[in-house]
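K.L.:
In the numbering used here, the protein residues as written are 267 to 396. Once you've had a glance at the structure underneath, I'll fire off some questions.
Structure follows, in structure tokens:
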């Protein structure tokens, strides 16, 4: 049995496409490498990004660093299934898929049951590609 440890460019795009269709409240879906590089993404057409290009690059670098730090606890606590973060202007969810992070932004005004529905919709996609 072959153990998969990498995703193809096409698989990165498929993940973005599948997750983007889960809810109209999803603003952005990005696949981020361990080095913070954006490998594939979906951005909702009617949406203006909250971060400029430079700050977006910093955000992705921060995600890569946090991912590496989180992995230090996997043996004792188990792997992280997802992280949900609420900010004043946005909500984010992130999932690990192999050596990458799927980072999703959601409109702030979405009720929590919809965010949970989005998480529940993402989990089978993440599992399929992990």
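C-beta atoms are modelled at their ideal positions from N, C-alpha and C, and glycine is treated no differently. As the structure is a computational prediction, the values presented were derived from the model and not from experiment.
1. Which residues in the same chain have their Cβ closer than 6 Å to the Cβ of residue 398, if we skip the five residues on either side of it in sequence?
2. Would you say residue 273 touches the ligand NAP, meaning its beta carbon is less than 7 Å from a heavy atom?
3. Is the Cβ-Cβ distance between residue 321 and residue 371 less than 8 Å?
4. On the criterion of 16 or more Cβ atoms from any shown chain inside 10 Å, does residue 433 qualify as buried, or is it exposed?
5. Taking Cβ to Cβ, would you say residue 364 is nearer than 8 Å to residue 304?
6. Go ahead and pull the three-state DSSP assignment for residue 376.
7. Please say whether residue 298 and residue 395 have beta carbons closer to each other than 8 Å?
8. Specify the secondary structure class of residue 395 as computed by DSSP and reduced to three states.
9. Which whole-angstrom value is the C-beta distance of residue 380 and residue 289, which I expect to be below 8 Å?
P.N.:
The structure says:
1. In the structure as shown, the chain starts at 267 and stops at 396, and residue 398 therefore has no counterpart that could be examined.
2. The ligand NAP is not part of the structure shown, which contains no ligands of any sort.
3. Numbered from its first residue, the chain shown carries residue 321 at position 55. Numbered from its first residue, the chain shown carries residue 371 at position 105. One thing to note: residue 321 has its Cβ no nearer than 8 Å to the Cβ of residue 371.
4. Nothing can be reported for residue 433, as the shown portion of the chain is limited to 267 through 396.
5. For the purposes of this step, residue 364 is taken as residue 98 along the chain shown, with counting starting at 1. For the purposes of this step, residue 304 is taken as residue 38 along the chain shown, with counting starting at 1. Residue 304 is positioned such that its CB atom lies no closer than 8 Å to that of residue 364.
6. Locating residue 376 in the chain shown gives position 110, counting from the first residue. When DSSP states are grouped into helix, strand and coil, residue 376 belongs to the coil group.
7. Within the chain shown, numbered from 1, the residue matching residue 395 stands at position 129. Within the chain shown, numbered from 1, the residue matching residue 298 stands at position 32. Cβ distance not < 8 Å, so residue 395 and residue 298 don't count as in contact.
8. Along the chain shown, read from residue 1 onward, the residue named residue 395 stands at position 129. The DSSP-derived three-state label of residue 395 is helix.
9. The residue given as residue 380 occupies position 114 in the chain shown. The residue given as residue 289 occupies position 23 in the chain shown. Yes, residue 380 and residue 289 are in contact; Cβ-Cβ is about 7 Å, under 8 Å.
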